[in-house]
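These notes are about the structure you will find just below.
Number of protein chains: 2
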Amino acid sequence: MKRICIIGVGSIGSLYAAHLARVAEVWAFVRRPEHARAINEQGIRLTGTHEFHARPRASCQPTEMPQFDLGIVCCKATQTEEAVRPVAHLFAQGAVLSLQNGLGSEEVIHAVTGGQVIRGTTFVSGTRHSDTHVQLELDTEAWVGPYEPSGTPFSKVKEAAELIVAGGLKAVALEDARPAQWTKLIFNASVNSAAALTELVHSEHYAREEKFDDLGHLLHDLIKEGQSVAAGLGITLRDDPWEMNKIGARTDHPPSMLYDIRNKLKTEVDYLGGAIAREAHRAGLPAPLHTALYRLIRGKESSWTYAGKKHEVAR
Amino acid sequence: MKRICIIGVGSIGSLYAAHLARVAEVWAFVRRPEHARAINEQGIRLTGTHEFHARPRASCQPTEMPQFDLGIVCCKATQTEEAVRPVAHLFAQGAVLSLQNGLGSEEVIHAVTGGQVIRGTTFVSGTRHSDTHVQLELDTEAWVGPYEPSGTPFSKVKEAAELIVAGGLKAVALEDARPAQWTKLIFNASVNSAAALTELVHSEHYAREEKFDDLGHLLHDLIKEGQSVAAGLGITLRDDPWEMNKIGARTDHPPSMLYDIRNKLKTEVDYLGGAIAREAHRAGLPAPLHTALYRLIRGKESSWTYAGKKHEVAR
Chain A
-13 MKRICIIGVG SIGSLYAAHL ARVAEVWAFV RRPEHARAIN EQGIRLTGTH
37 EFHARPRASC QPTEMPQFDL GIVCCKATQT EEAVRPVAHL FAQGAVLSLQ
87 NGLGSEEVIH AVTGGQVIRG TTFVSGTRHS DTHVQLELDT EAWVGPYEPS
137 GTPFSKVKEA AELIVAGGLK AVALEDARPA QWTKLIFNAS VNSAAALTEL
187 VHSEHYAREE KFDDLGHLLH DLIKEGQSVA AGLGITLRDD PWEMNKIGAR
237 TDHPPSMLYD IRNKLKTEVD YLGGAIAREA HRAGLPAPLH TALYRLIRGK
287 ESSWTYAGKK HEVAR
Chain B
-13 MKRICIIGVG SIGSLYAAHL ARVAEVWAFV RRPEHARAIN EQGIRLTGTH
37 EFHARPRASC QPTEMPQFDL GIVCCKATQT EEAVRPVAHL FAQGAVLSLQ
87 NGLGSEEVIH AVTGGQVIRG TTFVSGTRHS DTHVQLELDT EAWVGPYEPS
137 GTPFSKVKEA AELIVAGGLK AVALEDARPA QWTKLIFNAS VNSAAALTEL
187 VHSEHYAREE KFDDLGHLLH DLIKEGQSVA AGLGITLRDD PWEMNKIGAR
237 TDHPPSMLYD IRNKLKTEVD YLGGAIAREA HRAGLPAPLH TALYRLIRGK
287 ESSWTYAGKK HEVAR
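From first to last, the protein sequence lines are chains A and B.
In this text, residue positions in the first sequence follow my numbering: the first is -13, and each later residue adds one.
In this text, residue positions in the second sequence follow my numbering: the first is -13, and each later residue adds one.
Put into structure tokens, the structure is as follows:
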């Protein structure tokens, strides 16, 4: 039986831990001792699209954990290094799969483990009701492929995908997962950057292109800019992010960066719009809009702690 | 003695009303009856850089007001039409000078009065302590010139500037005031758009250009874009808005749009970044950054009233 470690056990991590525990020895690496205790005592109950009860193990002590065949990182992109470092030595033989938002976590994981890394993209979504109860909402394919610089053999990628499928979720192993990753990245980066700055949920405003000042023009421009960066990097996208945006704009879904901004938490912008800006900059490709919004969001984050000289806000 | 009407009697309007009342018959056209009564009973007391007491008249009744030689509009740009319309007929012989923020109010005034309009730009600033007490902080030159489409003769512009100077403030009449207006517009639009979206006061962040994600890069790009739009329109700027930004970034001054955003008030973006975007669009010139920020600020304004379908903000 394969051994899998889930790193970051929020809603996505809980979903994967529960499904995979049906076909593998799964350890959930968590930060809070009471989180570990709750899972060890009660297991994880799954409701929603899939309904079952699973019994992964859980621990916050790397010293009591074994070597693993596979790691799956599901934490917020901003917490990758902190989350992976304590267990990095447990993947001497195993690969580590990132199922996180955006682009760039693979690089961080690779720097920390020095081993094989798999890039993954998923739209799976769920709601975490408690440490031991998660509801599956949207079960879609995870697209997984080698993180090229780590030299992960494709057989390892296929093995990871087969384990996920055996556990009851969807996954496809791809020789090159960058087209899938960039498709989601461009969609996600454009919507999240606009949401962080306007504080609008993913509403009809994002697709409206009638008047000159309509926000939909900007979304369209951000998406086109992302597509042209991808093309410049030799990546052919899997789907049209603008069509994805038009569908999303009917949902009034709150993008994750909107949650961060409302709660004054450091956003994932480095891994979303910031990743597009940075990759474009590295390759000498223009990305003025993603770069501008990246800098604004950084400025917004700074505003939470900047005291400055005191002034009356007067006219 | 010339007759002057001040339209919009906030801090700037109070400063001009008080100074001009020393050399002309000045009427302050106000909205609140108690504002008119207070000025009529107590006059306006000036403190700060200049200290004196002046006795303009005030009224909220256009029917009791005479014909004027000059109007000076000092209200928020978003309120121009509403403020000018009731007294528009009182300028059959007189010109109307806009001392408002940004670009575009002249067009609104001209549409409402059908008469001669003067474009003006001022950095004068003050704090309004009450309806009858205003403190002068920064006394700088007002740059005034004809609003070209209204065919205002230059003699009228000179007369307006001479009245202001006689009253004790600074003013210069220019055959073409657009270089001065665009200089301030580019500075003001760039700083205010960034402030509206980051909610940072005009701090050191606006001039910092070390790391890739520093906000100063964006300010520099916004200013360069504004300069290139001005150049495309044949306007040679009077000063370098980037140098103005570097000085301003030491002050921690709260830009006016930051006040609006914090108080969920419609901003002046139509007359600042939106004016640059719109003028560029009309002339077929590129202004992607000002246009992007304009659309984001419009989106932000929409977020205050958009209810949408209810969702839990979850991850």
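Glycine included, each C-beta is placed from N, C-alpha and C at the ideal position.
(message) Along the region 156 to 189 of chain A, where does the CB come closer than 8 Å to a CB of chain B? Name the residues.
(response) A180, L183, T184, E185, L186, V187 and S189
(request) Can you give me the start and stop residues for the beta strand (DSSP E) that Q121(B) sits inside? (result) Here residue 121(B) corresponds to residue number 135 of the second sequence, with the count starting at 1. H119 to L124 is the span of the beta strand (DSSP E), which, as asked, contains Q121(B).
(request) Classify T291(B) as buried or exposed, calling it buried when 16 or more other Cβ atoms lie within 10 Å of its own Cβ. (result) The count along the second sequence starts at 1 and reaches residue 291(B) at position 305. Exposed: under 16 other Cβ atoms inside 10 Å.
(message) Quick check on K252(A): buried or exposed, where buried means 16 or more other Cβ atoms within 10 Å of its Cβ?
(response) Locating residue 252(A) in the first sequence gives position 266, counting from the first residue. Counting Cβ neighbours within 10 Å, K252(A) comes out exposed, since fewer than 16 surround it.
(request) Could you please tell me which residues of the region 59 to 93 of chain A, in chain order, have their CB closer than 7 Å to any CB of chain B? (result) none
(message) At the level of alpha carbons, what is the spacing between R236(B) and S288(A)?
(response) As a position in the second sequence, residue 236(B) is number 250, starting the count at 1. As a position in the first sequence, residue 288(A) is number 302, starting the count at 1. Cα to Cα, the separation comes out at about 16 Å.
(message) For I309(A), tell me which candidate among F198(A), H267(A) and L56(A) has the shortest Cα-Cα distance.
(response) What is shown of chain A runs -13 to 301, which leaves residue 309(A) out entirely.
(message) For a quick check, are the C-beta atoms of G88(B) and E254(B) less than 8 Å apart?
(response) The residue labelled residue 88(B) in the question sits at position 102 within the second sequence. The residue labelled residue 254(B) in the question sits at position 268 within the second sequence. In this structure, E254(B) lies closer than 8 Å to G88(B) by Cβ.
(message) Pairs of beta-carbons, one from the region 46 to 63 of chain B and one from the region 16 to 29 of chain B, closer than 8 Å: are there three or more?
(response) yes
(request) With DSSP collapsed to three states, give me the class of W290(A). (result) Looking up residue 290(A) in the first sequence gives position 304. The answer is coil: DSSP assigns W290(A) none of H, G, I, E or B.
(request) Could you run through the region 256 to 281 of chain B and flag, in chain order, every residue whose CB is less than 9 Å away from some CB of chain A? (result) D256, G260, A263, R264, H267, P274, L275, T277, A278, L279, Y280 and R281
(message) So the candidates are V103(B), A157(B) and P72(B); which of them puts its Cα closest to the Cα of F109(B)?
(response) Indexing the second sequence from 1 puts residue 109(B) at position 123. Among V103(B), A157(B) and P72(B), the Cα nearest to that of F109(B) belongs to A157(B).
(message) Quick check: the Cα distance between V299(B) and Y245(A), rounded to an integer number of angstroms?
(response) In the second sequence, the residue the question calls residue 299(B) occupies position 313. In the first sequence, the residue the question calls residue 245(A) occupies position 259. Note that V299(B) scores 46 on pLDDT, short of 50, meaning its location in the model is unreliable; the coordinates nonetheless yield the value given after this. Straight-line Cα distance between these residues: approximately 6 Å.
(request) Would you decide whether P240(A) is buried or exposed? Buried here means 16 or more other CB atoms lie within 10 Å of its CB. (result) Looking up residue 240(A) in the first sequence gives position 254. Buried, because 16 or more other Cβ atoms sit within 10 Å of the Cβ of P240(A).
(message) Check this for me: beta carbons of I38(A) and R(-11)(A), under 8 Å apart or not?
(response) As a working note, residue 38(A) is residue 52 in the first sequence. As a working note, residue -11(A) is residue 3 in the first sequence. Reading off the sequence, residue 38(A) comes out as Phe, not Ile. Not a contact, by the Cβ cut-off of 8 Å.
(request) For the region 225 to 252 of chain B, enumerate the residues whose C-beta is nearer than 8 Å to any C-beta of chain A, in chain order. (result) T237, D238, H239, P240, S242, L244, Y245 and R248
(message) Using C-beta distances below 6 Å, list every residue in its chain close to H119(A), excluding the 5 sequence neighbours before and after it, in chain order.
(response) Walking along the first sequence from the start, residue 119(A) turns up at place 133. Within the same chain, H119(A) has close Cβ partners R31.
(request) Could you tell me which chain B residues have their CB closer than 7 Å to the CB of D199(A), listed as they occur along the chain? (result) Taking the first residue of the first sequence as 1, we reach residue 199(A) at position 213. The contacting residues are G260, Y280, R281 and R284.
(request) Going by DSSP, name the residue or residues bridged to T33(A). (result) The count along the first sequence starts at 1 and reaches residue 33(A) at position 47. Looking at the DSSP assignment, T33(A) forms a beta bridge with Q121(A).
(request) Rounded to whole angstroms, what's the CA-CA distance from C(-9)(B) to G34(B)? Just pull it up for me. (result) Numbered from its first residue, the second sequence carries residue -9(B) at position 5. Numbered from its first residue, the second sequence carries residue 34(B) at position 48. Their Cα atoms are separated by approximately 24 Å.
(message) Since G137(A) and L122(A) should fall inside the 8 Å C-beta cutoff, what is the C-beta to C-beta distance between them, to a whole number of angstroms?
(response) Within the first sequence, numbered from 1, the residue matching residue 137(A) stands at position 151. Within the first sequence, numbered from 1, the residue matching residue 122(A) stands at position 136. With 8 Å as the limit, G137(A) and L122(A) do not qualify as a contact, their Cβ atoms being about 34 Å apart.
(request) Can you pull the chain A residues whose beta carbon is under 9 Å from the beta carbon of L294(B), in chain order? (result) As a working note, residue 294(B) is residue 308 in the second sequence. Before going on, a small fix: residue 294(B) reads as Gly here, not Leu. By Cβ distance, chain A contributes L186, V187, S189, E190 and D238.
(request) Give the single residue among A152(B), M230(B), D225(B) and G212(B) whose Cα lies nearest to the Cα of H188(B). (result) Here residue 188(B) corresponds to residue number 202 of the second sequence, with the count starting at 1. For H188(B), the nearest C-alpha among the options comes from M230(B).
(request) Note down the Cα distance separating N249(B) from A163(B), rounded to an integer number of angstroms. (result) Locating residue 249(B) in the second sequence gives position 263, where the first residue counts as 1. Locating residue 163(B) in the second sequence gives position 177, where the first residue counts as 1. Each residue's alpha carbon lies about 33 Å from the other.
(request) Within the same chain, show all residues whose beta-carbon is closer than 8 Å to that of V59(A), passing over the 5 residues directly before and after it, in chain order. (result) For this step, residue 59(A) is matched to residue 73 along the first sequence. Closer than 8 Å at the Cβ level, and outside the excluded window around V59(A), lie I(-7), G(-6), T66, A69, V70, V82, L83, S84, L85, Q86, S91 and I95.
(message) In this structure, how does DSSP classify L219(A) when only helix, strand and coil are distinguished?
(response) Residue mapping note: residue 219(A) aligns to position 233 of the first sequence, counting from 1. Three-state DSSP puts L219(A) in coil, outside helix and strand.
(request) Ignore the nearest five residues each way along the sequence and tell me which others in A147(B)'s own chain have a CB closer than 8 Å to its CB. (result) Taking the first residue of the second sequence as 1, we reach residue 147(B) at position 161. Counting only Cβ-Cβ distances below 8 Å, and skipping sequence neighbours, we find A128, V130, A157, V158 and A159.
(message) Please list, in chain order, the chain B residues whose beta carbon lies closer than 9 Å to that of L219(A).
(response) Residue mapping note: residue 219(A) aligns to position 233 of the first sequence, counting from 1. Ordered by position in chain B, no residue passes the 9 Å Cβ test against L219(A), which lies about 18 Å from the chain.
(message) Let's see if you can read the secondary structure: which residues bound the beta strand (DSSP E) around A269(B)?
(response) Along the second sequence, one-based indexing puts residue 269(B) at 283. From DSSP, A269(B) is part of no beta strand (DSSP E) but of the alpha helix (DSSP H) over G259 to A269.
(message) So the candidates are E93(A), P52(A) and L282(A); which of them puts its Cα closest to the Cα of E134(A)?
(response) Position 148 of the first sequence, counted from the start, is the residue given in the question as residue 134(A). Ranking E93(A), P52(A) and L282(A) by Cα distance to E134(A) puts E93(A) first.
(request) Go through its chain and collect everything with a Cβ distance to V73(A)'s Cβ below 6 Å, but skip five positions before and after it. (result) Residue numbering aside, residue 73(A) sits at position 87 when the first sequence is read from its first letter. The answer, listed in chain order, is F15 and P48.
(request) Could you check the C-alpha separation between N174(A) and G(-1)(B) for me, to the nearest Å? (result) In the first sequence, the residue the question calls residue 174(A) occupies position 188. In the second sequence, the residue the question calls residue -1(B) occupies position 13. Answer to the nearest angstrom: the Cα atoms are 47 Å apart.
(request) Just grab the DSSP bridge partners of C(-9)(A) for me. (result) For the purposes of this step, residue -9(A) is taken as the residue at position 5 of the first sequence. BP columns for C(-9)(A) point to W13(A) and G57(A).
(request) Quick one: which residues of the region 0 to 23 of chain B get their C-beta closer than 8 Å to a C-beta of chain A? List them in chain order. (result) none
(request) Check the DSSP bridge columns for V130(A) and list the partner residues they point to. (result) To locate residue 130(A), count along the first sequence from 1; it is residue 144. G106(A) and A159(A), per the DSSP bridge assignment.
(message) Can you confirm whether L204(B), when its beta carbon is compared against all beta carbons of chain A, has any partner nearer than 8 Å?
(response) Taking the second sequence and counting its residues from 1, the one referred to as residue 204(B) is at position 218. Yes, L204(B) lies at the interface with chain A (some Cβ there is under 8 Å from its Cβ).
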